Amino acid sequence: MIGFQDEFENLPIPNTTKEHSYSAVAVKGFENHRIAKDFNENPCILISVTQKKQNFKVARQKLYNLSITHNLSCEIHVENKKEEHNFSVIRYSGNDRDLKRYFLKACEILVPSLGNSPDNKQITHTVNKFIELFKVLKEPPKKTLQGLWSELFLIHQSNNPRELVRAWHTIPEEKYDFSIANLRIEVKSSSTRSRTHHFSIEQLLPPLKSKLYVASLFVEILAGGKSVEHLLNEIVERLDNEFDLIEKLNFLTYSTLGGAFDKIENVYYDYQLAKDSLRLYNSMDIPKIEFAPDDVFDVRFKSSIDNVKPSKETVDSLLKNAK
Numbered sequence: 001m002i003g004f005q006d007e008f009e010n011l012p013i014p015n016t017t018k019e020h021s022y023s024a025v026a027v028k029g030f031e032n033h034r035i036a037k038d039f040n041e042n043p044c045i046l047i048s049v050t051q052k053k054q055n056f057k058v059a060r061q062k063l064y065n066l067s068i069t070h071n072l073s074c075e076i077h078v079e080n081k082k083e084e085h086n087f088s089v090i091r092y093s094g095n096d097r098d099l100k101r102y103f104l105k106a107c108e109i110l111v112p113s114l115g116n117s118p119d120n121k122q123i124t125h126t127v128n129k130f131i132e133l134f135k136v137l138k139e140p141p142k143k144t145l146q147g148l149w150s151e152l153f154l155i156h157q158s159n160n161p162r163e164l165v166r167a168w169h170t171i172p173e174e175k176y177d178f179s180i181a182n183l184r185i186e187v188k189s190s191s192t193r194s195r196t197h198h199f200s201i202e203q204l205l206p207p208l209k210s211k212l213y214v215a216s217l218f219v220e221i222l223a224g225g226k227s228v229e230h231l232l233n234e235i236v237e238r239l240d241n242e243f244d245l246i247e248k249l250n251f252l253t254y255s256t257l258g259g260a261f262d263k264i265e266n267v268y269y270d271y272q273l274a275k276d277s278l279r280l281y282n283s284m285d286i287p288k289i290e291f292a293p294d295d296v297f298d299v300r301f302k303s304s305i306d307n308v309k310p311s312k313e314t315v316d317s318l319l320k321n322a323k
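Using full-length UniProt numbering, the first residue of the sequence shown is number 1, and each one after it goes up by one.
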């Protein structure tokens, strides 16, 4: 499938300098909307709204190199033809190629959830998501790239990626990486081929009647491996246009990376090693500190599970039996 980035690169520069003139191509599957380029080669997304759905006002906004203007009369140039329509226009203005690419990826993530004829409320929701995606660029990463890759790997290797995406934490700071019904899964990776991992006391003491498993794997950088972007794109293909899950998957990935978003495509890890080394451990079997003295808080420790017998369960069998 041709992505928004490729579609944008293939667009000519408009042959007019008029402010609201664009060369554009329809979004495949959502032909009312357009991927567009202005005279300054800025990427834009033009979102169509039917007039009968203009039922409340939404303010013009400009921040984070994004300008957002609603119900704007636009001149569209397509294959030597000129059209005029009203659109909500989201534009990235700047020369940073990485940010242009990021903007177009954000469009690719968020536009499908709009449908072909969104109302103003839907557009406002999408605009807010755009702003959130650009806000995270000013924040430090919430997790290491290796840690994020490992969580995506667990989703990728499963036969049921939908359930794992649903179970994935809503914010990276949650206690467990995956939670569904009575099941908790925490992913721990090692680049030293030793299963020595960091834990907190609370992390290894799941709620009553819950089961906690630690997914332990070895992760090493390898030029011929898979990047975060590889895993992300391949998972998306298996989600079969479930746009809410696709949006969650992408949003969590980019918000976790923050200002290190450029590493999504240029750091590669050994997928086969991760697959061969993946083991699941019942938290009850892991050496741990169970209690801290009174008035002692936030106790963290390292525990080696090299000599602990792994569970015979798989991620998919755990998902199947979650209650």
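Where a beta carbon is used, it is the ideal one built from N, C-alpha and C, also for glycine.
All of these numbers come straight from a predicted model, not from anything done at the bench.
Residue interval of the beta strand (DSSP E) (run including residue i)
i	result
Val-27	21–27
Val-236	Looking at the DSSP string, Val-236 is not in any beta strand (DSSP E); the run it does join, the alpha helix (DSSP H), is 228–238.
Glu-139	First-last for Glu-139: undefined, no H or E at that position.
Ser-67	66–78
Contact check, residue i vs residue j, beta carbons under 7 angstroms
i	j	result
Leu-318	Ala-274	no
His-33	Ser-48	yes
Pro-172	Gly-258	no
Leu-232	Lys-288	no
Ser-227	Arg-300	no
Ser-21	Pro-12	no
Ser-88	Phe-243	no
Lys-211	Leu-183	yes
Asn-116	Phe-30	yes
Under the three-state DSSP convention, the category residue i falls into
i	result
Leu-278	coil
Pro-112	helix
Phe-56	Legend: pLDDT at Phe-56 = 44, less than 50; position of this residue unreliable, no value from coordinates given.
Gly-258	helix
Asn-32	strand
Leu-212	strand
Presumed contact (8 angstroms Cβ cut-off) between residue i and residue j, rounded CB distance
i	j	result
Phe-42	Tyr-102	Correcting the residue identity first, residue 42 is Asn in this sequence and not Phe. That pair is no contact at about 14 angstroms.
Val-187	Ser-283	Val-187 to Ser-283, Cβ: 13 angstroms. No contact.
residue 364	His-197	The displayed coordinates of the chain run from 1 to 323. Any statement about residue 364 would go beyond what the structure contains.
Glu-234	His-169	At roughly 21 angstroms, the Cβ-Cβ gap does not stay under 8 angstroms, so Glu-234 and His-169 are not in contact.
Beta-carbon proximity list for residue i, same chain, < 6 angstroms, skipping 5 on both sides
i	result
Leu-110	Thr-126 and Lys-129
Ile-246	Val-236 and Leu-239
Asn-15	none
Trp-149	Val-228 and Tyr-269
Range of the contiguous alpha helix (DSSP H) that encloses residue i
i	result
Lys-135	120–135
Ala-167	161–167
Sequence-distant residues of its chain with Cβ nearer than 8 angstroms to residue i (five each side left out)
i	result
Leu-137	Tyr-64, Leu-99, Tyr-102, Gly-258, Gly-259 and Phe-261
Own chain, CB closer than 7 angstroms to residue i, minus 5 neighbours either side, in chain order
i	result
Arg-267	This sequence places Val at residue 267; Arg is not what is there. Correct list, in chain order: Leu-145, Ile-221 and Ser-227.
Val-308	Tyr-281, Asp-285 and Ile-286
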